[in-house]
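Chemist:
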């Protein structure tokens, strides 16, 4: 008899499964919702009968309105709405639950889940963090951090990473939980960002790079662990063959390199630090004469080009002993950006020529050539002002020289050291030159050709 009942029960279950398999996905979902409602109704009826049986009908209203019962009703309602993907109604039910009990961990969990179902991650995070603050329940904090890291993972997968991605990971590390997951993502993000910078070289967004380094330095100050130290010092050096560094970013990049070097020395970085320090020294040397030339005071060159500093630069280029600064024959100096180049860990710099930088505010050229007049080494400097309104022609270059040359005096021609001032003007037809010999002296002469 018992075996026959089991067989009939098994047969009915098998038939039910075959019938269910013929239903669509939406029909099966609706059937589950109806079953869930019936179960909830049965639970409520059972509770009601129990209450009537224990304390009599008169106590039903009192028990039905107990906070724990009201909380359960709202949570169950929220679960039903969530199952139906009616997220707005579900959130309202969970809010009602929290009005009954502001420490309900489940209400916070479920409300955050409803917001995530609506793809409203921001609101979900607010709910979870508020829940953690109110309850100090670590599961809410972990849920909160999980949502944040999932956002970071999504940005990595979409190849849409930046300082905001890093902020997300750092915010989790600051919470002191899920450190292993957060550190793994930190390494991944920094590696991806470094790949992006190397791919963009020589032109790099140094403002964004500086912001990232500020984030990492701040994180390391708060949490000087070996893992974070490794990421910070590695990212604190753009190991590329070439870089184009805007003048306004030189100090910032130099500070990044020096701070990273203090954390952990790295091959090549010390050379780059010395290279940029030399570049700053050069800018300081030429800053004053740039101002004079920009204002049209070319007379200032007379004093400048005979200083030990300037002749030392000339002689270093002629003899090939100049450190870090590269150039041949005529070496440009400009103020907009510096070109950096690495060769086997050794860095050098140079400045763009006038033709490379149409937007220049003006370029000075050091003449590092062994030009001799009657055996006496000549000293030269030239200046090309900014193009007017971006127009190529006419284009002018001013050349100032201190040289040993023949001057026509009353008693004949005699060799003396004197200044020459040459104005070279390029037009579409060609170049014309206006030369002034013994410039400003008693035997000044002029010639055009």
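Residue numbers (this note's numbering): 110 to 558.
A virtual CB, placed ideally from N, CA and C, is assigned to each residue, including glycine.
Under a three-way DSSP split, which group does residue 439 fall into?
Modeler: strand
Chemist: Please report the distance separating the alpha-carbon of residue 424 from that of residue 477.
Modeler: 7 Å
Chemist: Alpha carbon to alpha carbon, how far is residue 537 from residue 436?
Modeler: 29 Å
Chemist: For residue 433 and residue 479, what's the separation of their Cα atoms in angstroms?
Modeler: 21 Å
Chemist: Would you mind listing the alpha helix (DSSP H) stretches within the segment 353-393 that are 4+ residues and don't spill past its ends, in chain order?
Modeler: DSSP assignment within the segment 353-393 yields the following whole alpha helix (DSSP H) runs of 4 residues or more, N-terminal first: 359-372.
Chemist: Measure the alpha-carbon distance for residue 498 versus residue 505 and round it to whole angstroms.
Modeler: Between the C-alpha atoms of residue 498 and residue 505 there is a straight-line separation of about 14 Å.
Chemist: With burial defined as no fewer than 16 other Cβ atoms inside 10 Å of the residue's Cβ, what is the status of residue 266: buried or exposed?
Modeler: exposed
Chemist: For the alpha helix (DSSP H) that residue 241 lies in, which residues bound it at each end?
Modeler: 230-244
Chemist: For residue 263, which of helix, strand or coil comes out of DSSP?
Modeler: Of the three classes helix, strand and coil, the one that applies to residue 263 here is helix, per DSSP.
Chemist: For residue 502, does the three-state DSSP call read helix, strand or coil?
Modeler: coil
Chemist: How many whole angstroms separate the CB atoms of residue 415 and residue 532, which I take to be in contact at a CB cut-off of 8 Å?
Modeler: 21 Å between Cβ atoms; not a contact.
Chemist: So the candidates are 546, 214, 228; which of them puts its Cα closest to the Cα of residue 530?
Modeler: 546
Chemist: Considering residue 533, what are the terminal residues of the beta strand (DSSP E) in which it resides?
Modeler: 521-536
Chemist: Is the segment 336-347 touching the segment 393-405 in the sense that three or more CB pairs, one from each, lie closer than 8 Å?
Modeler: Judged by Cβ distances under 8 Å, the segment 393-405 makes no contact with the segment 336-347, as fewer than three pairs qualify.
Chemist: Measure from the alpha carbon of residue 275 to the alpha carbon of each residue in 228, 328, 241, then state which is nearest.
Modeler: 328
Chemist: Could you have a look at residue 455 and say whether DSSP puts it in helix, strand or coil?
Modeler: strand
Chemist: If you drop the 5 nearest sequence neighbours on each side, which residues of the same chain put their C-beta closer than 7 Å to that of residue 465?
Modeler: none
Chemist: Measuring straight from C-alpha to C-alpha, what distance separates residue 543 and residue 496?
Modeler: A straight-line Cα-Cα distance of about 20 Å links residue 543 and residue 496.
Chemist: Between which two residues does the beta strand (DSSP E) containing residue 493 stretch?
Modeler: Run containing residue 493: 488-494, per the beta strand (DSSP E) assignment.
Chemist: Give the range of the alpha helix (DSSP H) segment to which residue 331 is assigned.
Modeler: 315-331
Chemist: Does the beta-carbon of residue 191 have 16 or more other beta-carbons within 10 angstroms, so that it is buried, or is it exposed?
Modeler: With 16 or more other Cβ atoms within 10 Å, it is buried.
Chemist: With distances taken from CA atoms, which of 318, 233, 467 is nearest residue 301?
Modeler: The option with the nearest alpha carbon to residue 301 is 318.
Chemist: If we ignore side chains and look at the alpha-carbon of each, how far apart do residue 247 and residue 241 end up?
Modeler: Rounded to the nearest whole angstrom, the CA to CA distance from residue 247 to residue 241 is 7 Å.
Chemist: I need the straight-line Cα distance from residue 322 to residue 341, nearest angstrom please.
Modeler: 7 Å
Chemist: If I measure Cβ to Cβ from residue 238 and keep anything under 7 Å in the same chain, skipping five residues before and after, which residues do I get?
Modeler: 253
Chemist: Judging by CA-CA distance, which residue of 403, 456, 371, 350 is the nearest neighbour of residue 387?
Modeler: 456
Chemist: In whole angstroms, what separates the C-alpha of residue 353 from that of residue 523?
Modeler: 49 Å
Chemist: Which residue marks the beginning of the alpha helix (DSSP H) containing residue 338, and which one marks its end?
Modeler: 335-344
Chemist: With a 10 Å radius around its C-beta and 16 neighbouring C-beta atoms as the bar for buried, classify residue 122 as buried or exposed.
Modeler: Per-residue confidence for residue 122 stands at a pLDDT of 49, beneath the threshold of 50, marking its modelled position as unreliable; no derived number is given.
Chemist: Closest to residue 179 by CA distance: which of 195, 198, 203 is it?
Modeler: The shortest C-alpha separation from residue 179 is found at 203.
Chemist: Would residue 418 be called buried (16 or more neighbouring beta carbons within 10 Å of its own) or exposed?
Modeler: Answer is exposed; the Cβ neighbour count stays below 16.
Chemist: Quick check on DSSP: helix, strand or coil for residue 149?
Modeler: Residue placement at residue 149 is flagged as unreliable, the pLDDT there being 47, under the threshold of 50; the coordinate-derived value follows with that caveat. Helix.
Chemist: Using beta-carbon positions only, say whether residue 441 and residue 412 come within less than 7 Å of one another.
Modeler: 7 Å or more divides the Cβ of residue 441 from the Cβ of residue 412.
Chemist: Could you check if residue 335 is buried or exposed, using at least 16 other CB atoms within 10 Å of its CB as the buried criterion?
Modeler: exposed
Chemist: Return the residue from the list 485, 381, 249 that minimises the CA-CA distance to residue 526.
Modeler: 485
Chemist: Is DSSP giving residue 348 helix, strand or coil here?
Modeler: coil
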